[in-house]
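Numbering follows full-length UniProt numbering, with no gaps: position 49 of the sequence shown is 49.
Idealized CB from N, CA, C, for every residue including glycine.
Data block below; observations after.
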Amino acid sequence: MGVNEPYILTCSCRRHPPEKETAPVAVSVVTAPCGDATNVLDVQNAPFDAEITKRAPPQRNNSSIAVCLKWLHYRSDISASLVEWLQLIKHFGAERVYIYILRIHPNVRKVLKYYEDQGFVVVTEIDHPPQISGLKQSRGSRDFRDLRRELLPLNDCLYRNLFRHSWLLAIDLDEIIVPPPSETWPSMIGAEIANRSDRLIDALVFRNYFVLDGAQKDLEGPAKARILSHTWRAIAPSPPGSMVKSFINTSTVIAMHNHLPMSCGRQCSYHDVAPEGPGRLLHFREKCSYDNEDCPELHDVMKEDNFASWRATVLQEIRHVLRILDLESLE
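Structure below.
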């Protein structure tokens, strides 16, 4: 079958006098110097009508935050969970969510269309390379190369939004970073940056706390609203560097990973948010990691209601969306 892995290529654009010093609008990738081009790729944010020396610098909204959701590959109906997740991060201050889809249930597509029409979600359909696109793979059977292929949509999300959003967050549907009560991501990030004004920050890094289904002693809402109803989390976070997620600074990061920047304009500078906050990365799972039947996260738990400020409003919104889309209710 061969190996299909993503690559990030960097090349400088040379000017050939008497050509003007302008930025390219398209590039071709070849396998040897001066090789015949068989492809052409558009350059994102290319200045079509101005010389590069006269081009005004892009204007970012310094508080703009977007979320990158690597490929959705769910044949089951997760529409209620998706609505819950989207409504929460909308309240938390996300300006837009970029979602890459492989295979999804028709009801999930209906949900995405609803949020696309609102301008909150941008959907991009992708596929695996031809050699493996027809293989039936479960989420539990993925290998290391599958994980590396996830970098394709994440970095596509980064490059398309370099001049649109100041911060990007790559998380999955079973993860969420909760700001302090009644706050938002922009206010939380602004406060953290203000405390570190002595240096430029490439990423704000959050430790991971597991919230397991089997650890719940009671529920604070409908069971189908998993995030809002689950309030018993692991007392201890995952080890430093394990399962972390971070807000990525688009003005300095060159390539991103699921958890941290891969490359910056210089040595990457991380700011580790204290485990006690502000903000909390919660990771909702059915059972222990790596298919273990038992783990400390199942027993060493504490009740912490991070969603009290939003629960009533968001539950009402979820019910409204499910009703107008004629989808199964939470109850």
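Could you check what DSSP says for residue i in three-state terms: helix, strand or coil?
i           : result
Phe92       : helix
Tyr98       : strand
residue 340 : In the structure as shown, the chain starts at 1 and stops at 331, and residue 340 therefore has no counterpart that could be examined.
Ser187      : helix
Tyr7        : coil
Asp42       : strand
Arg193      : Looking at the sequence itself, residue 193 is Ile, so the reference to Arg does not match. Here Ile193 sits in helix by DSSP.
Cys13       : coil
Pro18       : coil
Ile227      : helix
Ala66       : strand
Leu330      : coil
residue 343 : Because residue 343 is not part of the residues shown, which for the chain are 1 to 331, the question remains open.
Leu200      : coil
Glu293      : coil
Ala215      : helix
Arg148      : helix
Mind checking whether residue i and residue j have CB atoms under 8 Å apart?
i      : j      : result
Met262 : Leu158 : no
Thr250 : Ser166 : yes
Glu297 : Cys288 : yes
Cys13  : Ala23  : yes
Arg233 : Glu304 : yes
Leu315 : Asn107 : no
Ile65  : Pro180 : no
Asp202 : Val253 : yes
Val205 : Val273 : yes
Leu102 : Asp127 : yes
Tyr100 : Lys70  : yes
Val121 : Val83  : no
Leu228 : Arg311 : yes
Val40  : Ser28  : yes
Please name the residue, chosen from the options, that lies closest to residue i on a Cα-to-Cα basis.
i           : options                           : result
residue 389 : Val178, Lys110 and Leu325         : Not covered by the structure: residue 389. The range shown for the chain is 1 to 331.
His259      : Trp85, Ser63, Leu169 and Ile104   : Leu169
His91       : Ala308, Leu327, Glu331 and Asp326 : Ala308
Lys110      : Ile126, Ile78 and Ala194          : Ile78
Lys224      : Gln267, Pro17 and Arg319          : Arg319
Thr313      : Arg199, Ser182, Val30 and Asn161  : Ser182
Asn306      : Leu162, Glu317 and Gly279         : Gly279
Arg207      : Gly241, Leu228 and Val321         : Gly241
Leu212      : Asp294, Ile89 and Gly93           : Asp294
Glu125      : Ala32, Leu72, Ile89 and Thr184    : Leu72
His105      : Arg75, Ala94, Gln118 and Gln87    : Arg75
Trp85       : Leu282, Leu41 and Lys20           : Leu282
Ala194      : His271, Lys245 and Glu5           : His271
Specify, as a first and last residue, the run of the alpha helix (DSSP H) that residue i falls within.
i      : result
Asp117 : Pro106 to Gln118
His259 : Unbroken run through His259: none, as it is neither H nor E.
Arg313 : As written in the sequence, residue 313 is Thr, which differs from the Arg given in the question. From DSSP, the alpha helix (DSSP H) with Thr313 extends over Arg311 to Ile324.
Cys157 : Leu151 to Arg160
Leu168 : Counting along the chain, Leu168 falls outside any alpha helix (DSSP H), though it belongs to the beta strand (DSSP E) covering Trp167 to Ala170.
Got a sec, what are the start and stop residues for the beta strand (DSSP E) residue i sits in?
i           : result
Ile248      : Lys245 to Asn249
Asn208      : Asn208 to Leu212
Arg233      : Trp232 to Ala234
His283      : Arg280 to Arg285
Glu125      : Val121 to Glu125
residue 333 : With the chain running from 1 to 331 in the structure shown, residue 333 is simply not present.
Val178      : Glu175 to Val178
Val301      : Val301 to Lys303
With respect to 7 Å, is the separation between the Cβ of residue i and the closest non-hydrogen atom of the ligand ATP below this value?
i      : result
Leu322 : Here there are no bound small molecules, and the ligand ATP is not part of this structure.
Quick one: measure Cβ to Cβ for residue i and residue j, integer angstroms, because I've assumed they're closer than 8 Å.
i      : j      : result
Asn161 : Ile8   : The Cβ separation is near 16 Å, so there is no contact.
Glu317 : Gln87  : 5 Å
Arg285 : Asp174 : 6 Å
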